[in-house]
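Engineer: My structure is below; once you've seen it, I'll send some questions.
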Amino acid sequence: ISKDGLTVEFECSKPDQWNKQKSTLLAHFNNNTGEVVYGMNLQVAVPKHVAMDMEPASSTTIPVGSGKVTQKVNVTNSMLGTKNLVLKLKIGFSSKGQKVESMGTCSGFPAGQY
């Protein structure tokens, strides 16, 4: 998802070899606004067949450029192989003196893997 110069990219991994339903999604926040972003808040919603545990972001302030600010989201897809992972995202932040809010859907995960 990308909005007004702030981009969120997910790095996906499988923490447990024995539990293929469980995945770790590490969100990387990249700031291309030209100014520091303050008060970043990411909210994630998942379908009923997915259990989710979300950790706090490493910072709510994102320097220009970066990718160093991260947030871990652990998900367990109980219908892996039948239903693909879909995330509904809502992100809010302040940049250049203005509050920005954006909503989007992230559904580009490889079929049958997450």
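Sequential numbering of the sequence shown, starting at 93, is according to the working numbering.
C-beta atoms are modelled at their ideal positions from N, C-alpha and C, and glycine is treated no differently.
As the structure is a prediction and not an experimental result, all values here were calculated from the model.
According to DSSP, is I93 part of a helix, a strand, or is it coil?
Structural biologist: Position 1 of the sequence shown, counted from the start, is the residue given in the question as residue 93. Note: I93 maps to coil in three-state DSSP.
Engineer: Touching or not, the stretch 197–204 and the stretch 138–153, by the rule of three or more beta carbon pairs under 8 Å?
Structural biologist: No: the two stretches stay apart, fewer than three of their Cβ pairs being nearer than 8 Å.
Engineer: From which residue to which residue does the beta strand (DSSP E) around E103 run?
Structural biologist: Sequence index remark: in the sequence shown, residue 103 carries index 11 (1-based). Element bounds for E103: L98 to S105.
Engineer: Check whether chain C comes within 8 Å of V156, counting only Cβ atoms and requiring the distance to be less than that.
Structural biologist: Given the protein chain composition of this structure (a single chain), no chain C is represented.
Engineer: Return the residue from the list G126, N176 and Q135 that minimises the CA-CA distance to S115.
Structural biologist: Position 23 of the sequence shown, counted from the first residue, corresponds to residue 115. Selected option, being the one with the closest Cα: N176.
Engineer: Among N133, A119 and K182, which has the Cα closest to the Cα of K164?
Structural biologist: For the purposes of this step, residue 164 is taken as the residue at position 72 of the sequence shown. It is A119 whose Cα lies nearest to the Cα of K164.
Engineer: Tell whether a beta-carbon distance below 8 Å holds between F185 and V128.
Structural biologist: Against the sequence shown, residue 185 aligns to sequence position 93. Against the sequence shown, residue 128 aligns to sequence position 36. Not a contact, by the Cβ cut-off of 8 Å.
Engineer: In the structure shown, what three-state DSSP assignment does V128 receive?
Structural biologist: Here residue 128 refers to the residue found at position 36 when the sequence shown is read from its first residue. Reduced to three states, the DSSP call for V128 is coil.
Engineer: Within the same chain, show all residues whose beta-carbon is closer than 6 Å to that of F102, passing over the 5 residues directly before and after it, in chain order.
Structural biologist: Within the sequence shown, residue 102 is the residue found at index 10, counting from 1. If we look at F102 and ignore the five residues flanking it on each side, its Cβ neighbours are L117 and A119.
Engineer: Tell me the residue span of the beta strand (DSSP E) that contains I183.
Structural biologist: Start at 1 with the first residue of the sequence shown, and residue 183 comes out as number 91. Where I183 is concerned, the enclosing beta strand (DSSP E) stretches over L179 to S187.
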